[in-house]
Amino acid sequence: MTDLVLPSETNPLNNLFGGELLARMDRAASIAARRHSRRITVTASVNHVAFNRSIPLGSVVTVEAAISRTFRTSMEVFIDVWIEDRFSGERDKANEAIYTFVAVDDTGIPTEVPPLEPETELEKQRYEAALRRKQLSLVLAGKMKPADATELKALFLES
Ligand SMILES: CC(C)(COP(=O)(O)OP(=O)(O)OC[C@H]1O[C@@H](n2cnc3c(N)ncnc32)[C@H](O)[C@@H]1OP(=O)(O)O)[C@@H](O)C(=O)NCCC(=O)NCCS
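When the letters of the sequence shown are read in order and numbered with numbering that gives the first Met the number 0, they come out as residues 0 to 158.
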């Protein structure tokens with residue numbers, strides 16, 4: 000999704016307001032999740048957001064969302080945010096985020112999603128790490144016991 004930063008969307012420093020960027024990322028991620036699952040999808044959690052660079056008023060901002068891994072009913076969505084240079088047209092990475100979406104039926108009950116096969120090196124890296132991010136998110140939400148987060152524990156034992 001590509002769009003401009005307008006004055007009503009900025010903070011007192013004339014940079015894009017964080018909540019506006021979160022909303023844009025949520026919309027793009029929702030479209031990616033819906034296209035993959037062909038279901039109604041809802042945001043289950045925002046697992047990670049890094050506001051690495053501010054985005055000035057007037058910028059052309061592109062929000063790219065892609066499913067990085069599917070589980071039974073949930074999908075991890077990676078979002079990369081780019082700003083376009085006004086003169087060269089080149090894109091610079093500004094921010095990134097990881098959201099979790101769940102496919103639901105018409106009554107809001109979680110429903111299965113199709114699997115996903117990573118192809119590029121980046122897709123494979125994101126796919127591999129997705130399970131431990133899911134476990135971390137569930138532990139933080141109080142939906143999984145830390146003792147059951149085997150993939151997450153392995154990360155700490157490795158390092
Ligand atoms: C998201 C929602 C459907 C999950 O419902 P639930 O009763 O927890 O259902 P389940 O326990 O079966 O979980 C469904 C999936 O979500 C995953 N999930 C739930 N909470 C999660 C979290 N905090 N982080 C990561 N994954 C989560 C579960 O692991 C499960 O994934 P899987 O089937 O792929 O293994 C439900 O909480 C909901 O409708 N929330 C409101 C969504 C919404 O309105 N979003 C917009 C913000 S206002």
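Where a beta carbon is used, it is the ideal one built from N, C-alpha and C, also for glycine.
- For ligand 1, no non-hydrogen atom lies closer than 8 Å to the CB of N94.
- Across the structure, E157 and E120 are spaced so that their CA atoms are roughly 22 Å apart.
- Rounded to the nearest angstrom, the Cβ distance from G57 to L3 is 7 Å, consistent with a contact under 8 Å.
- For R68, no alpha helix (DSSP H) run applies; the uninterrupted beta strand (DSSP E) run containing it begins and ends at 59 to 69, by DSSP.
- Note that the stretch 88 to 98 touches the stretch 38 to 51; at least 3 beta-carbon pairs, one per stretch, sit closer than 8 Å.
- For K152, the enclosing alpha helix (DSSP H) has its first and last residue at 149 to 157.
- In this structure the stretch 131 to 149 touches the stretch 65 to 80; the number of beta carbon pairs closer than 8 Å is three or more.
- Separation of the CB atoms of N14 and P55 is rounded to 6 Å, and the pair is thereby assigned contact status at 8 Å.
- The straight-line gap separating the alpha-carbon atoms of V112 and L12 is approximately 42 Å.
- Closest in alpha carbon position to A128, among L139, L151, P145, I108, is L151.
- Taking R125 as reference, the option from E75, G18, M24 with the minimal CA-CA separation is E75.
- Those residues that have a beta carbon less than 7 Å away from any non-hydrogen atom of ligand 1 are, in order along the chain, V41, T42, A43, S44, N46, F70, R71, T72, S73, T99, V101, V103, G107, P109, K133, S136, L137, A140, K142.
- E116: not part of any beta strand (DSSP E); DSSP gives it neither H nor E.
- Cβ-Cβ separation between R23 and V62: approximately 5 Å, consistent with a contact (criterion under 8 Å).
- If only complete runs of 4 or more residues are kept, the stretch 84 to 150 shows the alpha helix (DSSP H) at 120 to 139, in order along the chain.
- Around the beta carbon of L139, fewer than 16 other beta carbons lie within 10 angstroms, which makes this residue exposed.
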